[in-house]
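Working notes for the structure below.
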């Protein structure tokens with residue numbers, strides 16, 4: 002490799018703005034937070050679909066794709082790794098494990114945003130400090146916190162996965178809203194009332210925000 | 002949310018093939034492996050640029066963007082997390098830490114591939130078992146292993162970061178090629194001779210492979 006070649010490719014590295022120009026919109030992180038049953042994942046997926054219809058490049062990070070590999074539990078890791086490794090890096094639901102769960106998701110969302118993609122994350126993410134750390138590692142304009150706001154009573158009545166019932170019966174410990182706190186955002190970019198509105202309606206609010214803030218046209 | 006709404010959005014979830022159609026190509030993981038100084042990162046970035054010029058949506062994962070956040074060391078994590086947390090999840094260069102380093106990168110590359118993006122990863126990834134685990138978690142057609150093949154003597158002569166010199170002086174322990182093994186792939190999809198060819202030439206080989214295998218048109 003001579004120096005000319007070296008200079009050549011450095012000049013031609015693909016900047017974030019080049020990636021964004023190719024995609025026709027900005028990259029960012031749209032961070033949905035709220036109680037289990039508040040509708041985070043449903044709304045994130047509807048936003049994802051609406052963006053797709055607009056030709057916008059987005060990606061959803063949620064329990065379905067993150068818990069199977071990146072943030073797998075010790076039991077799943079043990080299928081391919083030794084016990085010590087699986088205990089150290091596998092994630093359960095302790096406070097420390099939740100902290101790392103959110104940290105990794107925030108780091109991945111940042112990589113997506115920097116590639117020009119709109120990353121939509123849907124996790125309870127109950128602790129304010131964990132969400133604020135993700136906000137801090139991202140550029141200020143890149144992080145859009147969406148509080149999916151529905152009262153516990155309504156979420157518990159919906160109980161789409163039967164988890165509240167198990168938590169009330171003591172079969173699940175440390176369940177957010179029952180015996181573990183949910184700390185609502187103090188200054189979220191968007192608050193969605195998902196108790197009184199259907200998911201389509203609140204998803205539209207998110208798309209409008211992205212348009213208004215210049216992320217998409 | 003009534004049942005109709007529920008059905009509606011499930012029908013309209015964005016499948017991987019929809020994302021790939023929007024982007025105009027397939028997603029996949031292109032995994033560059035080789036000694037320090039073999040040219041992995043240089044070649045990955047040139048491939049990235051060539052793909053960009055073709056209108057292909059790609060992303061590079063390398064030490065520059067991964068070591069600062071997702072796979073940060075204990076020292077960096079300590080800036081925002083407590084000591085116990087940072088020791089547990091921060092990654093150094095022990096065999097166990099390298100195993101987790103590659104595991105996380107593989108998981109993130111998979112998320113990119115599933116979003117329809119071509120993920121280009123550039124890490125020494127010296128151990129065969131770690132690379133093979135990444136191959137296993139990905140769909141067979143999604144994982145393209147690229148052996149960036151240059152003899153140790155040439156890599157050590159290039160020594161772009163002065164690391165071989167430090168390793169020979171005993172200032173760095175466990176350095177791949179000096180006092181830690183590099184296990185070349187047994188059946189890589191692509192072998193690049195980066196000792197006798199310039200980076201542009203071998204980058205073209207990767208692009209040709211992507212075209213031939215139907216990832217891009």
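Protein chains in written order, with our numbering: chain B, 2 to 218; chain D, 2 to 218. Where is the CB? At the ideal position from N, CA and C, for every residue including glycine. Small disclaimer: the values here were computed from a predicted structure and weren't measured.
Is the beta carbon of residue 62 of chain B less than 8 Å from the beta carbon of residue 105 of chain D? Position 61 of the first chain holds residue 62 of chain B. Position 104 of the second chain holds residue 105 of chain D. No, these two residues do not count as a Cβ contact at 8 Å.
Do residue 31 of chain B and residue 149 of chain B have their beta-carbon atoms positioned less than 8 Å apart in this structure? On the first chain, position 148 is the one that residue 149 of chain B refers to. On the first chain, position 30 is the one that residue 31 of chain B refers to. No; because the gap between Cβ atoms is not below 8 Å, this pair is not in contact.
Taking 8 Å as the cut-off, decide whether the C-beta atoms of residue 114 of chain B and residue 28 of chain B are in contact. Indexing the first chain from 1 puts residue 114 of chain B at position 113. Indexing the first chain from 1 puts residue 28 of chain B at position 27. Against a cut-off of 8 Å, the Cβ pair of residue 28 of chain B and residue 114 of chain B comes out as a contact.
For residue 83 of chain B, the three-state DSSP class (helix, strand or coil): Position 82 of the first chain, counting from 1, holds the residue named residue 83 of chain B. Three-state result, residue 83 of chain B: coil.
Please name the residue in D:200, D:101, D:33, D:152 whose C-alpha comes closest to that of residue 83 of chain B. Here residue 83 of chain B refers to the residue found at position 82 when the first chain is read from its first residue. The candidate whose alpha carbon is nearest that of residue 83 of chain B is D:101.
Are the beta-carbon atoms belonging to residue 118 of chain D and residue 42 of chain D less than 8 Å from one another? The count along the second chain starts at 1 and reaches residue 118 of chain D at position 117. The count along the second chain starts at 1 and reaches residue 42 of chain D at position 41. No; because the gap between Cβ atoms is not below 8 Å, this pair is not in contact.
Between the Cα of residue 174 of chain D and those of D:51, D:76, D:19, D:95, spot the shortest distance and give me the residue it belongs to. The count along the second chain starts at 1 and reaches residue 174 of chain D at position 173. Cα-wise, what sits closest to residue 174 of chain D is D:95.
Classify residue 131 of chain B as buried or exposed, calling it buried when 16 or more other Cβ atoms lie within 10 Å of its own Cβ. Within the first chain, the letter at position 130 stands for residue 131 of chain B. Buried: at least 16 other Cβ atoms inside 10 Å.
May I ask you to list the residues that DSSP assigns as paired with residue 193 of chain D? Locating residue 193 of chain D in the second chain gives position 192, counting from the first residue. Paired residue(s): D:149.
Is the shortest distance between the beta-carbon of residue 13 of chain D and the beta-carbons of chain B less than 8 Å? In the second chain, the residue the question calls residue 13 of chain D occupies position 12. Cβ-Cβ to chain B under 8 Å: yes for residue 13 of chain D.
Note down, in chain order, each residue of its chain lying with its Cβ closer than 6 Å to the Cβ of residue 129 of chain D, except the 5 sequence neighbours on either side. Your numbering for residue 129 of chain D matches position 128 in the second chain. Hits under 6 Å: 184.
Once DSSP output is grouped into helix, strand and coil, what is the label at residue 47 of chain D? Counting from 1 along the second chain, the entry for residue 47 of chain D is found at position 46. Note: residue 47 of chain D maps to helix in three-state DSSP.
Same chain, Cβ closer than 8 Å to residue 91 of chain D, five either side skipped, listed in chain order: For the purposes of this step, residue 91 of chain D is taken as residue 90 along the second chain, with counting starting at 1. Within the same chain, residue 91 of chain D has close Cβ partners 73, 74, 75, 76, 77, 78, 79.
How about residue 110 of chain D and residue 122 of chain D: are their beta carbons less than 8 Å apart? Taking the first residue of the second chain as position 1, residue 110 of chain D is located at position 109. Taking the first residue of the second chain as position 1, residue 122 of chain D is located at position 121. Yes. Within cutoff.
Which ranges would you report for the alpha helix (DSSP H) in the segment 107-153 of chain D if only whole runs of at least 4 residues count? 129-138
Coil, strand or helix - residue 57 of chain D by DSSP: For the purposes of this step, residue 57 of chain D is taken as the residue at position 56 of the second chain. The answer is coil: DSSP assigns residue 57 of chain D none of H, G, I, E or B.
Where does residue 15 of chain D sit, in a helix, a strand or coil, going by DSSP? On the second chain, position 14 is the one that residue 15 of chain D refers to. The answer is coil: DSSP assigns residue 15 of chain D none of H, G, I, E or B.
Can you tell me whether residue 38 of chain D is buried or exposed, with buried defined as 16 or more other CB within 10 angstroms of its CB? Within the second chain, numbered from 1, the residue matching residue 38 of chain D stands at position 37. Classification for residue 38 of chain D: buried.
If the cut is a Cβ gap below 7 Å, which residues of chain B does residue 49 of chain D touch? Translated into the one-based positions of the second chain, residue 49 of chain D becomes position 48. Near residue 49 of chain D (Cβ distances below 7 Å), the residues of chain B are 15.
Just to confirm the assignment, what range does the alpha helix (DSSP H) spanning residue 34 of chain B have? As a working mapping, residue 34 of chain B is identified with position 33 in the first chain. That residue, residue 34 of chain B, is in no alpha helix (DSSP H); its beta strand (DSSP E) goes 29-34.
Using a Cβ-Cβ distance cut-off of 8 Å, determine whether residue 33 of chain D contacts chain B. To locate residue 33 of chain D, count along the second chain from 1; it is residue 32. Output row for residue 33 of chain D: interface = no.
Going by DSSP in three states, residue 181 of chain B sits in which element: helix, strand or coil? Along the first chain, one-based indexing puts residue 181 of chain B at 180. In this structure, residue 181 of chain B counts as strand in the three-state DSSP scheme.
List the residues of chain B whose Cβ lies closer than 7 Å to the Cβ of residue 81 of chain D, in chain order. In the second chain, counting from the first residue as 1, residue 81 of chain D sits at position 80. Those are 134, listed as they occur along chain B.
Buried or exposed by the 16-neighbour rule on C-beta atoms within 10 Å, applied to residue 22 of chain D: To locate residue 22 of chain D, count along the second chain from 1; it is residue 21. So residue 22 of chain D ends up on the exposed side.
Using a cut-off of 7 Å between C-beta atoms, extract the partners of residue 70 of chain D located in chain B. Position 69 of the second chain holds residue 70 of chain D. Residues of chain B passing the Cβ test: 108, 111, 138.
Any C-beta of chain B sitting closer than 8 Å to the C-beta of residue 184 of chain D? Along the second chain, read from residue 1 onward, the residue named residue 184 of chain D stands at position 183. Residue 184 of chain D does not count as touching chain B.
Taking the C-alpha atoms as reference points, what is the distance between residue 33 of chain D and residue 19 of chain B? For the purposes of this step, residue 33 of chain D is taken as the residue at position 32 of the second chain. For the purposes of this step, residue 19 of chain B is taken as the residue at position 18 of the first chain. Taking the straight line from one Cα to the other gives about 23 Å.
For chain E, check one thing: does any of its Cβ atoms lie closer than 8 Å to the Cβ of residue 53 of chain B? Here the protein chains are B and D, and chain E is not one of them.
Assess contact between the segment 140-154 of chain B and the segment 181-199 of chain B, defined as three or more Cβ pairs (one per stretch) separated by less than 8 Å. Is contact present? yes
Check whether residue 36 of chain B and residue 177 of chain B have beta carbons under 8 Å apart: Here the question's residue 36 of chain B lines up with position 35 in the first chain. Here the question's residue 177 of chain B lines up with position 176 in the first chain. Yes, the Cβ-Cβ distance between residue 36 of chain B and residue 177 of chain B is below 8 Å.
Check the Cβ-Cβ distances between residue 56 of chain B and every residue of chain D, and say whether any is below 8 Å. Here the question's residue 56 of chain B lines up with position 55 in the first chain. Interface residue, yes.
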